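The sequence shown begins at 492 in my numbering and counts up by one.
All C-beta atoms, glycine included, are put in the ideal place defined by N, C-alpha and C.
Keep in mind the model is a prediction, meaning the values are calculated, not measured.
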Amino acid sequence: MFAWVHFSPQRVQHIAALACKDFAKNEPDWLADLEALASLGTHGALANNIHRDLMAKMQALPRLPEPFHVKLKFAEPLGWQDQGIMLPHEMFSVIFHKYPKTWRKSVLPSEHKLHEWWEHVEEHPQMLNHPIKTRDQWARWGVPLAIHDDGVPITGIGKGWRKLMTMFTWSSLLGSGSTLDMLFWIWSVFDKLCHTGDCDGTMQSFFAILKWSFFLLWIGKWPDEDWYNPLSAAGKKAGSFLACGFFGVLFAIEGDLAYLTLHLDLPRHSLQSGPCCLCRATMRGDNSWADFRANAAWLSCCWTPTEWLNWPNRSSNALFQLPGVTAVSIALDYMRCKYLGSDMYQFGSVLYMLCYFVLTGTPLENVHTCWAFIKEFYKTHNTGSRYRYLNKLTIFCRKSGYPKLKGKANEIRHFGAALLGLWGAHMNGALELHRKVHLMLKLKVRMETLLTEYRDESALPPAAAREFTDACRNMMLLYTQLAEHFVQEGEKLFDITSKSHMVMHSAILSNYLSPRRVWCFAGEDMMGKTQILAKSCVRGISGAAATVKFAKHYRLGLHLLFDGHD
């Protein structure tokens, strides 16, 4: 509880002191560990020293590596600051050697699963001329990895002046279990504190270190140059295997679209001349991303690894210097592109139609009618994640622009079936427009059903993938037809953004990599779980120094979690 800061160090000391008194009355032998906790801060007399004393006693407990200490340059007046980074290659190695059950749970369940995974992605565009194919028995030894980045509010939560801390994590694409089991923290930083120099920028320096660590994972051996002191414990391992021959392959780069632009220097998703990192589609013209037909022109201009590497305007981020890593390695986030993207506009527009055009009462009366139906639907169908309330027009009506349903990703994900039932109960089957809305919703629900049916698969089976892709394509075609209809009517309904195009990419690739495998629900959950820890670490110290404190707590908490596996 202390490691994840659910308990303060003072509370730990106080509980231990009370427990010692109880044991003194009933037990002849005192528990040494409990007595040590009770003695912290001179038996509680010096409360401000308890955290220091407790961390000192716990420091030798974890078998996990110490955070890698490096100085990074921050914006003035901070300047150069010590930072603690949990290097992926060190974690990969120590999990294999020191926490075997965690290795089987979080990294590599079995060699059969590994071979099966590589079979599924054999035809993935990223695998075209991938350098892994030049290595002996690569499908037996290469572990596919992902990196994820996201921002989490630490101070001023819910306020306009809130400050975000960007957190970087990595994971195995074969892992399972809870969020903390699967995602491993690397480093975090307040973006506003970063120095933006060309050579010594905070992010540039961090990505150089991250590239070095992932390159060592690719090699599968401890380094014999760079960063480590040759006389250090890590330096003495130079040239030896990280994990008895297993090596890591950075296969998926995950994160929201803003992260892809801000940190990876990839096209902004609102860019008219080319918003997509996987293809050369444009906003308008023959290559328009809004063309969802099976023979759309943009389908023939998707990037291949070689073409992207030869493109003079490609990203200069250090990660793209790793073997086999290109823009084709980007795993578009189905959660943000669909549930927090196109679904919000589609569902908001359908609710608007119901409340303003279809039902006979006033808009406010109609939204209450809709909410009553939805609540009953939730109850009857035992819906998992539900809206707690949906009884105000402002939930989907905005002061300007298109209707857009507010909500969390999981609420929106489970809302489609309820809205389909609601629309079906009130639609006019004689109207083609109403039938198109009904079919669009029906196809959306079918897509969700397929993802749920094959939730444990790394890729959708061929028949399911074809059905999923066809359902997505036809749903998007209906979406565009509805949008065009209301443009002619002078109504702002069914706004289409480039996120719909990203969803289409995810559907097309589902035969090789299921959207569930790389969506960022786990990443979002990780942000929530680490938010409490991060908030406690910024109290009384600079934002740049908070990372060192965070790393120490995280290392301790992760050790206790891994020990629970063994």
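Excluding the 5 residues flanking it on each side, His760 has same chain C-beta neighbours closer than 6 Å at Leu748, Pro766 and Ser989, in chain order. If you look at Ser840, you'll find it isn't in any beta strand (DSSP E); it sits in the alpha helix (DSSP H) that goes Asp834 to Met844. In terms of CA proximity to Cys735, Lys712 leads the group Glu902, Ala916, Lys712 and Leu757. Here Ile1032 is exposed. Its C-beta has fewer than 16 other C-beta atoms within 10 Å.
Burial is judged here by how many other beta carbons sit within 10 angstroms of a residue's own beta carbon; Pro568 has fewer than 16 and is exposed. Note that the C-beta distance between Phe868 and Ala909 is below 8 Å. Nearest to Arg879 by C-alpha distance, out of Lys899, Arg889 and Cys888, is Lys899.
Judged by DSSP secondary structure, Gln979 falls within the alpha helix (DSSP H) whose first and last residues are Pro953 to Glu980.
The three-state reading of DSSP puts Met774 in coil, since its state is none of H, G, I, E or B. DSSP assignment within the segment 555 to 640 yields the following whole beta strand (DSSP E) runs of 3 residues or more, N-terminal first: 559 to 564 and 571 to 576. Within the DSSP bridge table, the entry for Cys685 names Phe565 as partners. With contacts defined as CB atoms closer than 8 Å, Ser1005 and Ala950 qualify as a contacting pair.
Look at Thr752 here: in three-state DSSP terms it is helix. Listed in chain order, the alpha helix (DSSP H) elements of length 4 or more contained wholly in the segment 871 to 924 are 900 to 904 and 907 to 917. In this structure, the CA atom of Val1009 is about 8 Å from the CA atom of Tyr825. Assigned with DSSP and collapsed to three states, Thr660 falls in strand. Secondary structure at Cys793: strand, using DSSP grouped into helix, strand and coil. Contact between the segment 839 to 855 and the segment 884 to 891 is present: 3 or more CB-CB pairs across the two stretches fall below 8 Å. Annotation: Ile1023 to Asp682 spans about 19 Å, alpha carbon to alpha carbon.
DSSP, read as helix, strand or coil, puts Trp709 in helix. For Phe737, no beta strand (DSSP E) segment is defined, and its DSSP state is neither H nor E. Your pair Tyr893 and Leu984 checks out as a contact, with CB atoms roughly 7 Å apart and the cut at 8 Å. The distance from the Cβ of Trp802 to that of Leu769 is about 13 Å, inconsistent with a contact at the 8 Å cut-off. Using a Cβ-Cβ distance cut-off of 8 Å, the segment 609 to 622 and the segment 591 to 598 are not in contact, since fewer than three pairs of beta carbons, one from each stretch, lie closer than that value. Sixteen is the threshold: when 16 or more other Cβ atoms of the shown chains lie within 10 Å of the Cβ of Arg904, as they do, the residue is buried. In this structure Lys564 is not in contact with Asp756, their Cβ atoms being roughly 19 Å apart against a cut-off of 8 Å. Rounded to the nearest angstrom, the Cβ distance from Met938 to Ala962 is 5 Å, consistent with a contact under 8 Å.
Excluding sequence positions up to five before and after Gly852, its CB lies within less than 8 Å of the CB of Thr860, all in the same chain and listed in chain order. Cβ-Cβ distances below 8 Å link Met995 to Phe783, Cys963, Arg964 and Met967 in the same chain, with the five nearest sequence neighbours on each side left out; the list follows chain order.
Assignment of beta-bridge partners to Ser679 by DSSP yields Met658.
Distances from the CA of Leu578 to each of Trp678, His588, Leu1051 and Glu607 were compared; the closest alpha carbon is that of Trp678. Here DSSP, grouped into helix, strand and coil, assigns Ile821 to strand. Sequence-distant Cβ neighbours of Asp834 in its own chain, meaning closer than 7 Å and more than five residues away, are Ile903. In this structure, Trp799 places its C-beta atom within 8 Å of the C-beta atom of Thr817. For Lys1040, the enclosing alpha helix (DSSP H) stretches over residues Ala1037 to His1056. If you check the CB distance, Ile700 and Val561 come in under 8 Å.
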